[in-house]
Structure formats: structure tokens, C-alpha cells
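Position 39 of the sequence shown, counting from 1, maps to 38 under numbering that gives the first Met the number 0, and the rest follow consecutively.
For reference, the structure discussed in these notes is given below.
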Amino acid sequence: MLLPWRNISETFDSHSHTINYENTLIRGLSMKYVAPRKGVTMIIAAAAITALLAVTISTVKSDNIPVFTSRSDARAFYCEQILKHTKQIQFTYVTDNSNTSQVCKFFNDDAFADEGSNFSLMGDYLRYSLFDGYKANCNYLKKDKKHYYTFRYRISYKTSKVQEKKFELQLRSTLDSLKLEKKSDYGKVKAIYDYICDNVKYDNTHGPNYSQKYTAYAALVNKSAVCQGYSTLLYRMCKAADIPVRIVAGTGKNENHAWNIVKLGEVYYNVDATWDAGRSEYAYFLKSDDAFTDHQRNDEYASPSFCAENPTAVFSY
């Protein structure tokens, strides 16, 4: 089960430089984004977030907050603050780009980009386990042919800072207990998968508004979660063990679902710890796409670019 997604539509007033976002809760795996250009509509794959987003662009400059001329540095700062559970995040991004929609889209929608083999990136974890939405505003100023965008976010989280600290400590102790250092990559993945399947039960108790059940914290500490918690815990454990890994969102048996792909050798394999939990023999461990046909990927994860960056094995392991 995935956290309910939002449908976001945007309107743009070019004279007052105001962007208004209207959110309505829907079932599905995409956001609808209407760009500030007449007659242009784009469909953007979205994180499983429950944000009520209100973004306003005005012409006021802000001082005494971090200033970045590199988009990647600004993004890294933003993500670092999310990892720290910072509730109010502010920074200024200075650029030659005058396209306010494009700049805002990057920080509002694309900031949690991830790469399976980059172990310093935690984009999928931020997106699916920590982040629970935000309210934001962006102050804009043009000076000396440069464009200054000052972002202010009020972030909501699925867990508390204390809970996240407890999770990090328990994650470290759990990984230590598995003694992964001398294992092969296959051995690491198998040990992690065994641990999750043996210890985490599916949360059939709490309703959809109990956001904690969607987290790695719930899976590791409470030993009870839904698929989003299973997949984010496996993601964090594999990242810590230097195993390339991603979270994949889509549907399983026609219901919203999340699972993982892990890389062994040069290719990725599908794994679904949620559906293998409690089984004596695994049915969803290290499978090719052809052996995983009851899972359908969301368009973002079935796109040519994603598949090229994360090629899946032709045969199961």
C-alpha cells in the first residue's frame, strides 16, 4: 500500500507573478502540473506525499540565509535539512534562469532525485519515508541580470526527529548483527531480505491517515508497516551495505504498491519483501520483469530513461 497521492494544478498570473497551487486528494500515481505557459500541460510522476502546497512568488529579497549559485548545491542543502528533520528551511538560489515555473518545479518536484549506485544520495528515502508534504513561498528579485529565488519551506514529516534518531541507531545495530562485511553482494541482499521478511508484519490495524505506517521507522522499530515501509527499510539497509537499490512505485494486483530493485553485477533484480514476508519459500526474490508480471510499474519507473539507467536482468537470479 502506498500513501495516497495528490493531484496538483497550477495557475499563473504573469503580471502579479503569483503561482497558486490547488490540491485535491486522489487515488493514483501521478501529479498533473499545468505550466505557466498558455496551452501547455505536463504530467509529472509524483512522490507519495500528502502536501497541501501553497507557493507564492513575490518581488521581495531576503537576507541572512544561505545563498547558492549552484543548483546542485542548493538541492544538497535542501535534502540535508530534510534528513535533519528541519521544520523550516530557507535558502536563496541565484541563477540566469528567468523561468520561474522551471526553477520552482525543480525544487518542488525534482529535488529528491536518486541514483541506485550513489550511496550518498537518499532521495527515495526522503521522498517515501520522511517527507510528508510542505507549505512554501518563493520571493523573487532580479538584479544585475541575475535572478534571485528565495525559498521558504515549512515541512511536515511522517516521523519525529526523536523517532528518526532511534531509527538510525537501531538500523546501525541491526546491520551490525547481520555481519555483512565478509558476505558477497548476494549474501548481503539475502541477509537483509531474510531479516525483513522474518521480522516485519503487514500493518492491517491502522487506517490510511496514520502516516507512520508508511515509514522505514515503523518497519524496523515497530515491526509493522505497509509496503512503503518495507521498501524504504530495505532501501536504507541496502544503501548502508553498498548495494545499489531503488524504490519502485506502481501497482501490484491492481492496487497501489511499492517494491525494490537491487543491483547484483551489472543489472537490477526485482524484490518484494512485503509479499514474501512470512513465506517459507520466496516467490518475489531477485526476479526478472518477466517473472514479476503481477507488478506494474508507474510510468516514471517504466520510462526509457529510468530503464536505461537501471537495467533489469533478462533472467531471474
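We put the beta carbon where it would ideally sit given N, CA and C, even for glycine.
Please read these numbers as outputs of a predicted model, since none were measured by experiment.
With distances taken between CB atoms, is the gap from residue i to residue j smaller than 8 Å?
{"i": "Ile64", "j": "Thr149", "result": "yes"}
{"i": "Lys238", "j": "Val244", "result": "yes"}
{"i": "Phe166", "j": "Leu219", "result": "yes"}
{"i": "Lys125", "j": "Phe106", "result": "The sequence as given places Leu at residue 125; Lys does not occur at that position. It is not a contact, given that the beta carbons lie outside the stated cut-off."}
{"i": "Tyr283", "j": "Val266", "result": "no"}
{"i": "Ser287", "j": "Thr311", "result": "yes"}
{"i": "His205", "j": "Cys226", "result": "no"}
{"i": "Ser128", "j": "Thr68", "result": "no"}
{"i": "Tyr139", "j": "Thr94", "result": "no"}
Find the nearest neighbour of residue i within the set the options, judged by alpha-carbon distance.
{"i": "Gly249", "options": "Glu265, Tyr300, Asp241, Gln87", "result": "Tyr300"}
{"i": "Asp202", "options": "Ala217, Ala190, Arg171", "result": "Ala217"}
{"i": "Asp108", "options": "Ser119, Gly115, Phe130", "result": "Phe130"}
{"i": "Asn253", "options": "Arg235, His294, Gln101, Lys222", "result": "His294"}
{"i": "Ile242", "options": "Leu140, Asn117, Lys200", "result": "Asn117"}
{"i": "Leu120", "options": "Phe76, Pro303, Asp298", "result": "Phe76"}
{"i": "Lys200", "options": "Asp275, Lys182, Ser315", "result": "Asp275"}
{"i": "Leu307", "options": "Gln101, Glu114, Val93, Ser97", "result": "Just to set this straight, residue 307 is Ala in the shown sequence, not Leu. It is Glu114."}
{"i": "Tyr133", "options": "Trp258, Cys196, Ser155, Ser183", "result": "Ser155"}
Give the DSSP-derived three-state secondary structure of residue i in the structure shown.
{"i": "Asp298", "result": "helix"}
{"i": "Glu308", "result": "helix"}
{"i": "Ala282", "result": "coil"}
{"i": "Thr49", "result": "Residue confidence for Thr49 is low, a pLDDT of 31 falling below 50, so the modelled location carries little weight; the figure read from the coordinates is stated next. In this structure, Thr49 counts as coil in the three-state DSSP scheme."}
{"i": "Gly38", "result": "Model confidence at Gly38 stands at a pLDDT of 27, short of 50, so the residue's coordinates are unreliable; what they give is reported in the following sentence. Of the three classes helix, strand and coil, the one that applies to Gly38 here is coil, per DSSP."}
{"i": "Ser223", "result": "strand"}
{"i": "Val59", "result": "The pLDDT assigned to Val59 is 44, lower than 50, so where the model puts this residue is not dependable, and the model offers no usable value."}
{"i": "Ala217", "result": "helix"}
{"i": "Phe105", "result": "helix"}
{"i": "Tyr209", "result": "coil"}
{"i": "Thr204", "result": "coil"}
What first and last residue would you give for the beta strand (DSSP E) that runs through residue i?
{"i": "Val270", "result": "266 to 270"}
{"i": "Phe130", "result": "130 to 142"}
{"i": "Phe90", "result": "87 to 94"}
{"i": "Val261", "result": "254 to 263"}
{"i": "Val313", "result": "It is not in any beta strand (DSSP E) - Val313 carries neither H nor E in the DSSP assignment."}
{"i": "Ala248", "result": "244 to 251"}
Verify the contact flag: residue i, CB atom, against every heavy atom of the ligand FAD, threshold strictly below 7 Å.
{"i": "Asn96", "result": "The model depicted lacks the ligand FAD and carries no ligand whatsoever."}
List the endpoints of the continuous alpha helix (DSSP H) containing residue i.
{"i": "Ala75", "result": "70 to 82"}
{"i": "Lys145", "result": "Unbroken run through Lys145 is the beta strand (DSSP E), 145 to 156; no alpha helix (DSSP H)."}
{"i": "Val320", "result": "Since the first residue of the chain shown is 0 and the last is 316, residue 320 is not available in this structure."}
{"i": "Arg171", "result": "160 to 177"}
Within the chosen definition, does the region 172 to 183 reach the region 204 to 211 through at least 3 CB pairs nearer than 8 Å? no
When you compare the region 74 to 90 with the region 150 to 160, are there three or more beta-carbon pairs, one atom per stretch, that lie closer than 8 Å? yes
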